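Visitor:
There are 2 protein chains.
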Amino acid sequence: MTRVAVLAGGVGAARFLDGLVRVVPPADVTAIVNVGDDIEWAGLHISPDLDTVMYTLADMVNPETGWGLRGESRRTLDRLSELGGPDWFMIGDLDLATHLFRTHWLGQGNPLSTVTRDLVKRAGLELFITPVTDDRLRTMVDTDAGEFSFQDYFVRRRAVDRVHSLRFDGAETARPAPYVVEALNESDVIVIAPSNPFLSIDPLLSVPGLRELVASNRSKVAAVSPIIGGEAVKGPAADILQSMGHDVSALGVARLYEDLAEVFVLDETDAALASTIESETGMRVHIMPTLMTDVEAKMALAAGTLKAALHDG
Amino acid sequence: MTRVAVLAGGVGAARFLDGLVRVVPPADVTAIVNVGDDIEWAGLHISPDLDTVMYTLADMVNPETGWGLRGESRRTLDRLSELGGPDWFMIGDLDLATHLFRTHWLGQGNPLSTVTRDLVKRAGLELFITPVTDDRLRTMVDTDAGEFSFQDYFVRRRAVDRVHSLRFDGAETARPAPYVVEALNESDVIVIAPSNPFLSIDPLLSVPGLRELVASNRSKVAAVSPIIGGEAVKGPAADILQSMGHDVSALGVARLYEDLAEVFVLDETDAALASTIESETGMRVHIMPTLMTDVEAKMALAAGTLKAALHDG
């Protein structure tokens, strides 16, 4: 039995998890999910990363975007556009039901982790999916044009602003959600998913105690590079790395994780960086294809990552 | 020029107003609308009476129900049902856009009257529609089974509970919305629409000062009976009147309005009650058909009511 805890952002993490639950029993997997991208939109509480993970694992996700639901429609959003309402955040009619459900039960005083567990169960999933914290934690993006919440920066303003720095509002007082600490301590492997290190993993680790907890478990931690050949596979990782003065490369990412992970899973495209990464960061590099083009590729990446972390690679 | 202010609830008032704006210029009409039935549902602020009035006047209302939108769908609500979410309140996909719009702008700090004006303008309407108050005012129904908000009692519990009394939560400190006092003072006629006297008109008049203001303008006030031959045309008026020990009759309603209105518009079916009403309440009774079956009937009722109120009947 291999128990695995995964630090997860959105699309990349969701795809990794989709492979993982096919190579170990789903009940042995805990996904600890970023909430820094959460947004209150027209009164509704939206948790994009939690939804992306849940929709992907439930095989309900829109395969073209990697987020949102398959067979989605936009009756409400089109009407909201006609009214001149806030239509910049793409919310489909089916997706909206998730947000109404979540907002309703949060409004009744339930913590986000409880509501998430309920949604996950109703989706028929056996893995444990939890927000990293039940407390309010919001990624704020400081740019040339001012400070914005992540969705404001990324969706409304289409990520055009030059980014100076990120700030995780609420982090100082946020507490890990129930079972997060246990899952990290008791799992056999901790995976840092191929997510954006700044926008997905950093906010997770900004919850007091978690960075130290992962670092103290470094010998069982594997990080999967979200960068392949100098490009982020999905999302704004590359732009933001560059904007903030980091190398847009697997090496740049590896440097960020050197105190946290013993194993770094590097795409074969970037194999030439392996020895530099090993000598600079002290991580063991595991080279393999990391592009998750289909179910087989996802499974192979998950299996390879576990194998490397368990030292039997 | 005849300026008219109408104290309005939902369906009955909306139909009356729909006739009224065809017999006087819409810009001379102010609808002062009940908000006691408003509800926060899954984070959204829903104003059923404001929407019913707006949808009806914009010719967007579902003609079969008298509320909601024509051509409505329920993608979101059906999905919410599947999730086991709170699906007892019928919210269509198009209707949802109104609630998102309203909730968004309220969340930005705008008062309900401002947001309403914006929605009314976008619907292309020229009459002035305003909530009676921008403050929180909620009709609470005390029943055999406990106290419920109006929508809880009426929709979720299907109005099966025996009603003891009503209470208007927030009424003590509610202030009239902008222009409400002016509209009542400056209009040539005030109409109490054929709405539920307890559930639509009483909450309106529970805003401090408004009952006295209407009473002090009694000579220009006409009330239209919502009861025809002992039956409420629409909604729970009859049940509630009975439940609370009142006559389910035009006479019962007339007694409630005797200090407020000089004219009482009585359906011809109830003509036999006219002399009793006149002698008991001191109101002048105007007998005419009050059932608003089509546009002509709505126009005739509006015209007849104005004529009676203006003493040229």
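Chains as they are written, first to last, in the working numbering: chain A, 1 to 313; chain B, 314 to 626.
Heads up, the beta-carbon is just placed ideally off N, CA and C, and yes, glycines get one too.
Note that this is a predicted model, so its numbers are computed, not measured.
(1) May I ask you to report which of helix, strand or coil DSSP gives A487(B)?
(2) Any beta-carbon of chain B closer than 8 angstroms to the one on G313(A)?
(3) Closer than 7 angstroms by C-beta to T133(A): which residues in its own chain qualify, once you throw out the five before and the five after it? Chain order, please.
(4) Pick out the complete beta strand (DSSP E) segments inside the stretch 129-174 of chain A, 3 residues or longer, and give them in chain order.
(5) Starting from the beta carbon of R122(A), find every residue of chain B whose beta carbon is closer than 9 angstroms, and list them in chain order.
(6) Could you check the C-alpha separation between T589(B) and R531(B) for me, to the nearest Å?
(7) Please classify D406(B) as buried or exposed, where buried requires at least 16 other C-beta atoms within 10 Å of its C-beta.
(8) Starting from F101(A), trace the alpha helix (DSSP H) in both directions and tell me its first and last residue.
(9) For F89(A), does the three-state DSSP call read helix, strand or coil?
(10) Helix, strand or coil for E262(A), going by three-state DSSP, please let me know.
(11) If I follow the unbroken alpha helix (DSSP H) through T429(B), where does it start and stop?
(12) Considering Cα atoms alone, identify which of H477(B), F463(B), G459(B) and I540(B) is closest to G558(B).
(13) Would you identify the three-state DSSP class for V608(B), choosing helix, strand or coil?
(14) Using a Cβ-Cβ distance under 8 angstroms, would D372(B) count as near chain E?
(15) For my contact list, L450(B) and I541(B) are in at a C-beta cut-off of 8 angstroms; report their separation, rounded to the angstrom.
(16) Does T103(A) have its Cβ less than 8 angstroms from a Cβ in chain B?
(17) Take the Cβ of R79(A) as the centre, count every other Cβ of all protein chains shown within 10 Å, and call the residue buried at 16 or more, exposed below.
(18) Does any CB atom of chain A fall closer than 8 angstroms to the CB of D465(B)?
(19) Between L370(B) and A297(A), what straight-line distance do the alpha-carbon atoms span, to the nearest angstrom?
(20) Going by CA-CA distance only, name the one from V561(B), W354(B), L320(B) and M314(B) that's closest to S508(B).
(21) If you draw a straight line from the C-alpha of F402(B) to the C-alpha of A215(A), how long is it?
(22) Expressed to the nearest angstrom, what Euclidean distance is found between the alpha-carbon atoms of P399(B) and S513(B)?
(23) Closer than 7 angstroms: is that where the CB of S81(A) sits relative to any heavy atom of the ligand MN?
(24) Name the chain A residues whose beta carbon is nearer than 7 angstroms to that of D406(B)?
(25) Could you tell me if H624(B) is buried or exposed, where buried requires 16 or more neighbouring beta carbons within 10 angstroms of its beta carbon?
(26) Enumerate in chain order the residues of its own chain whose CB-to-CB distance from R415(B) is below 6 angstroms, with the five nearest sequence positions on each side excluded.
(27) Is R392(B) close to chain A, meaning its C-beta is less than 8 angstroms from at least one C-beta of that chain?
(28) Rounded to whole angstroms, what is the Cα-Cα separation between S562(B) and N423(B)?
(29) Taking just the CA atoms, how far does L306(A) sit from A300(A)?
(30) What does DSSP give as the partner residue(s) for D267(A) in the beta ladder?
(31) Given that a residue counts as buried once 16 or more other Cβ atoms are within 10 Å of its Cβ, and exposed if not, what is V324(B)?
(32) So what does DSSP say about V561(B), is it helix, strand or coil?
(33) Determine the closest residue to W105(A) out of A615(B), A326(B), G397(B) and H417(B), with distance taken between C-alpha atoms.
(34) From Y257(A), A274(A), G252(A) and F154(A), pick the residue whose C-alpha is nearest to that of L205(A); which is it?
(35) How close, in whole Å, do the beta carbons of D350(B) and P338(B) come, if the pair is a contact with beta carbons under 8 angstroms?
(36) In this structure, how does DSSP classify V493(B) when only helix, strand and coil are distinguished?
Guide: The answer reads as follows:
(1) Here residue 487(B) refers to the residue found at position 174 of the second sequence. Assigned with DSSP and collapsed to three states, A487(B) falls in coil, not helix or strand.
(2) The residue labelled residue 313(A) in the question sits at position 313 within the first sequence. Per-residue confidence for G313(A) stands at a pLDDT of 44, beneath the threshold of 50, marking its modelled position as unreliable; the derived number appears in the next sentence. Not one chain B Cβ lies under 8 angstroms of G313(A).
(3) The sequence position of residue 133(A) within the first sequence is 133, counting from 1. The beta carbon of T133(A) lies closer than 7 angstroms to those of V35, A174, R175, P176, A177 and V207 in the same chain, with the five residues before and after it left out.
(4) Runs of the beta strand (DSSP E) lying entirely within the stretch 129-174 of chain A, each at least 3 residues long, are 138-143, 146-149 and 163-169 in chain order.
(5) Translated into the one-based positions of the first sequence, residue 122(A) becomes position 122. E395, L396 and G397, listed in chain order.
(6) Sequence index remark: in the second sequence, residue 589(B) carries index 276 (1-based). Sequence index remark: in the second sequence, residue 531(B) carries index 218 (1-based). Rounded to the nearest angstrom, the two C-alpha atoms are 20 angstroms apart.
(7) The sequence position of residue 406(B) within the second sequence is 93, counting from 1. Label assigned to D406(B): buried.
(8) Translated into positions along the first sequence, residue 101(A) becomes position 101. Where F101(A) is concerned, the enclosing alpha helix (DSSP H) stretches over D93 to G107.
(9) Position 89 of the first sequence, counted from the start, is the residue given in the question as residue 89(A). Coil.
(10) Translated into positions along the first sequence, residue 262(A) becomes position 262. Coil at E262(A), not helix or strand.
(11) Translated into positions along the second sequence, residue 429(B) becomes position 116. Element bounds for T429(B): L425 to R435.
(12) Walking along the second sequence from the start, residue 558(B) turns up at place 245. Per the C-alpha coordinates, the member of H477(B), F463(B), G459(B) and I540(B) positioned closest to G558(B) is H477(B).
(13) Here residue 608(B) refers to the residue found at position 295 of the second sequence. Of the three classes helix, strand and coil, the one that applies to V608(B) here is helix, per DSSP.
(14) Absent from the structure: chain E. Protein chains present are A and B.
(15) Locating residue 450(B) in the second sequence gives position 137, where the first residue counts as 1. Locating residue 541(B) in the second sequence gives position 228, where the first residue counts as 1. With a Cβ gap of about 29 angstroms, L450(B) and I541(B) do not count as contacting.
(16) Translated into the one-based positions of the first sequence, residue 103(A) becomes position 103. Interface flag for T103(A) against chain B is set, since a Cβ pair is found closer than 8 angstroms.
(17) Counting from one through the first sequence, the residue named residue 79(A) turns up at place 79. Using a 10 angstroms sphere on the CB of R79(A), the tally of other CB atoms reaches 16 or more, which defines it as buried.
(18) What you label residue 465(B) is simply residue 152 of the second sequence in a count that begins at 1. Answer no: the Cβ-Cβ gap between D465(B) and chain A never drops below 8 angstroms.
(19) Within the second sequence, numbered from 1, the residue matching residue 370(B) stands at position 57. Within the first sequence, numbered from 1, the residue matching residue 297(A) stands at position 297. Distance between the alpha carbons of L370(B) and A297(A): 58 angstroms.
(20) The residue labelled residue 508(B) in the question sits at position 195 within the second sequence. Minimum Cα-Cα distance from S508(B) among the listed residues V561(B), W354(B), L320(B) and M314(B) corresponds to L320(B).
(21) Your numbering for residue 402(B) matches position 89 in the second sequence. Your numbering for residue 215(A) matches position 215 in the first sequence. Approximately 49 angstroms, taken between the alpha carbons.
(22) Within the second sequence, the letter at position 86 stands for residue 399(B). Within the second sequence, the letter at position 200 stands for residue 513(B). One alpha carbon belongs to P399(B), the other to S513(B), and they sit about 25 angstroms apart.
(23) With respect to the ligand MN, the structure offers nothing, as it holds no ligand at all.
(24) The residue you call residue 406(B) lines up with position 93 of the second sequence. Within chain A, the residues whose beta carbon sits less than 7 angstroms from that of D406(B) are R75, T76 and D93, listed in sequence order.
(25) The count along the second sequence starts at 1 and reaches residue 624(B) at position 311. Answer is exposed; the Cβ neighbour count stays below 16.
(26) If you number the second sequence from 1, residue 415(B) lands on position 102. Cβ within range, chain order: H358 and V428.
(27) Within the second sequence, the letter at position 79 stands for residue 392(B). Taking Cβ atoms only, chain A reaches closer than 8 angstroms to R392(B), which makes this a yes.
(28) Within the second sequence, the letter at position 249 stands for residue 562(B). Within the second sequence, the letter at position 110 stands for residue 423(B). If I take the Cα positions, the gap works out to 41 angstroms.
(29) To locate residue 300(A), count along the first sequence from 1; it is residue 300. To locate residue 306(A), count along the first sequence from 1; it is residue 306. Cα to Cα, A300(A) sits roughly 10 angstroms from L306(A).
(30) Taking the first residue of the first sequence as position 1, residue 267(A) is located at position 267. Answer is M288(A), bridged to D267(A).
(31) Translated into the one-based positions of the second sequence, residue 324(B) becomes position 11. Here V324(B) is buried. Its C-beta has 16 or more other C-beta atoms within 10 Å.
(32) Sequence index remark: in the second sequence, residue 561(B) carries index 248 (1-based). Judged by DSSP in its simplified three-state form, V561(B) adopts coil rather than helix or strand.
(33) The residue given as residue 105(A) occupies position 105 in the first sequence. The residue with the shortest Cα to Cα distance from W105(A) is G397(B).
(34) Mapped onto the first sequence, residue 205(A) falls at position 205. Closest by alpha carbon: Y257(A).
(35) As a working mapping, residue 350(B) is identified with position 37 in the second sequence. As a working mapping, residue 338(B) is identified with position 25 in the second sequence. Not confirmed; about 29 angstroms, so no contact.
(36) If you number the second sequence from 1, residue 493(B) lands on position 180. Correct three-state label for V493(B): helix.
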